[in-house]
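In our numbering, the protein residues as written are 1255 to 1614.
Remarks on the structure that follows.
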């Protein structure tokens, strides 16, 4: 704890620190709540940045600073109330940077947002809120003047993910190809269509925008009345296609079961979640979206189970070197699950197109 006190002392905090205790159960960064004695001073959140995943911490923090500064400016221009609860505020160190390197680890601190909570629930109501919040997040950042870097290069690049699969197939390091030939053939038969976004981008028809790239329900903070305050967990905010935020939410949110459920009869695409999220998303995002982006929203819904299927299959062929597995066929079960979800999405594509059209 003394070590944590020393790290906290590097940041420009106010108030007397009384306690530092673990906060939440994040999978990527270690997070602590820093409590202060005075009632008129804020509490804080201290995080150890996982620099094995986010290797360029300077770029990571520059992205986050640019985004939070721009959102704060937008909220101020709109005369919003309670702005300090609607945008994250990161503290500088004595050197002016928003992170501190202790020789081994990188740390950052932000002001704790009081009387706010997150939810894990994925139902139509919260999916609608998520759609509004993430669409609004993109809309506020549509005119950001800063150029952001890619905190995880090629994170949602489908051409890159297909290259990884093809390299795994060519190497076949643990002789698993025969049992997965059906899935390789099915994925290859869709590859040209699924790599469409990168092609449209090269042709100058599809822009990259500032996206969140990790759109989960629990990445939003709600106030005491159940209203969305702000989007949090900004580590993956970077240039991407809007499909990243739209499709990735629905891959997890609209699957009727977990992504590793081996019982394929449990897999289904929940249209009520799709409709609620899409309604909220278009309400706040259609003010800046191009026709090519709106028209390809059903493609985005298919893209993410397809991409995840490719990634799980690649890892299985490679001998399970990337994702943690709980049993030998775990990655194969995940592959089958996501492929079944893709098929369910394909079956619903005509009704998805009709629903989107009805909202415009």
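The C-beta atom is built at its ideal place from N, Cα and C for all residues, glycine as well.
Which residue marks the beginning of the alpha helix (DSSP H) containing residue i, and which one marks its end?
{"i": "residue 1536", "result": "1525-1539"}
{"i": "residue 1587", "result": "1584-1613"}
{"i": "residue 1373", "result": "From DSSP, residue 1373 is part of no alpha helix (DSSP H); its letter is neither H nor E."}
{"i": "residue 1421", "result": "1412-1425"}
{"i": "residue 1378", "result": "1378-1395"}
{"i": "residue 1306", "result": "Unbroken run through residue 1306: none, as it is neither H nor E."}
{"i": "residue 1615", "result": "Because the chain spans 1255 through 1614 in this model, residue 1615 falls outside it and cannot be assessed."}
Based on the DSSP secondary-structure assignment, which residues constitute the bridge partners of residue i?
{"i": "residue 1494", "result": "1463"}
{"i": "residue 1484", "result": "1475"}
{"i": "residue 1354", "result": "1361"}
{"i": "residue 1509", "result": "1523"}
By the three-class DSSP mapping on this structure, what secondary structure does residue i have?
{"i": "residue 1301", "result": "strand"}
{"i": "residue 1402", "result": "coil"}
{"i": "residue 1579", "result": "coil"}
{"i": "residue 1347", "result": "strand"}
{"i": "residue 1321", "result": "helix"}
{"i": "residue 1266", "result": "coil"}
{"i": "residue 1438", "result": "helix"}
{"i": "residue 1362", "result": "strand"}
{"i": "residue 1272", "result": "strand"}
{"i": "residue 1550", "result": "coil"}
{"i": "residue 1287", "result": "strand"}
{"i": "residue 1338", "result": "helix"}
{"i": "residue 1429", "result": "coil"}
{"i": "residue 1557", "result": "helix"}
{"i": "residue 1315", "result": "helix"}
{"i": "residue 1409", "result": "coil"}
{"i": "residue 1277", "result": "coil"}
{"i": "residue 1564", "result": "helix"}
{"i": "residue 1330", "result": "helix"}
{"i": "residue 1542", "result": "coil"}
{"i": "residue 1615", "result": "The requested residue 1615 is not part of the displayed model; the chain covers only 1255 to 1614."}
{"i": "residue 1569", "result": "helix"}
{"i": "residue 1617", "result": "Residue 1617 lies beyond the residue range present for the chain, which begins at 1255 and ends at 1614; the question has no answer from this structure."}
{"i": "residue 1502", "result": "helix"}
Give me the Cβ distance between residue i and residue j, rounded to the nearest whole Å; I'm assuming they're in contact under 8 Å.
{"i": "residue 1384", "j": "residue 1285", "result": "Actually they do not touch by this definition, with Cβ atoms about 22 Å apart."}
{"i": "residue 1467", "j": "residue 1496", "result": "At roughly 11 Å, the Cβ-Cβ gap does not stay under 8 Å, so residue 1467 and residue 1496 are not in contact."}
{"i": "residue 1525", "j": "residue 1556", "result": "Wrong, their Cβ atoms sit about 14 Å apart, outside the cutoff."}
{"i": "residue 1438", "j": "residue 1428", "result": "Wrong, their Cβ atoms sit about 15 Å apart, outside the cutoff."}
{"i": "residue 1473", "j": "residue 1595", "result": "In fact, because the Cβ distance is near 21 Å, the residues do not count as touching under 8 Å."}
{"i": "residue 1308", "j": "residue 1489", "result": "6 Å"}
{"i": "residue 1477", "j": "residue 1370", "result": "6 Å"}
{"i": "residue 1502", "j": "residue 1392", "result": "Incorrect: roughly 13 Å between the Cβ atoms, too far for contact."}
{"i": "residue 1362", "j": "residue 1353", "result": "5 Å"}
State whether the stretch 1510-1520 contacts the stretch 1537-1552, with contact taken as three or more CB pairs (one from each stretch) at a distance under 8 Å.
-> The stretch 1510-1520, when compared against the stretch 1537-1552, does not touch it at the 8 Å Cβ threshold.
Any 3 or more C-beta pairs closer than 8 Å across the stretch 1300-1314 and the stretch 1386-1405
Enough Cβ pairs lie closer than 8 Å, so yes.
Touch check for the stretch 1554-1571 and the stretch 1442-1452: three-plus C-beta pairs under 8 Å? Note that the stretch 1554-1571 touches the stretch 1442-1452; at least 3 beta-carbon pairs, one per stretch, sit closer than 8 Å.
**Prompt:** Are there three or more Cβ pairs, one per stretch, closer than 8 Å when the stretch 1522-1540 is compared with the stretch 1366-1383?
**Reply:** Contact check between the stretch 1522-1540 and the stretch 1366-1383: three or more CB pairs, one atom from each, fall below 8 Å, which counts as touching.
**Asked** So does the stretch 1258-1276 actually touch the stretch 1300-1309, counting three or more Cβ pairs closer than 8 Å?
**Response** Enough Cβ pairs lie closer than 8 Å, so yes.
Review point. Quick one: any contact between the stretch 1468-1483 and the stretch 1562-1571, if contact means 3 or more CB pairs under 8 Å?
Key: Result no; under three Cβ-Cβ pairs closer than 8 Å.
(message) Using 8 Å as the cut-off, can you tell me whether the stretch 1423-1440 makes contact with the stretch 1346-1359, which would need three or more C-beta pairs spanning the two stretches below that distance?
(response) The stretch 1423-1440 is not in contact with the stretch 1346-1359.
*asked:* Any contact between the stretch 1322-1331 and the stretch 1290-1297? By contact I mean 3 or more CB pairs, one from each, below 8 Å.
replied: The stretch 1322-1331, when compared against the stretch 1290-1297, does not touch it at the 8 Å Cβ threshold.
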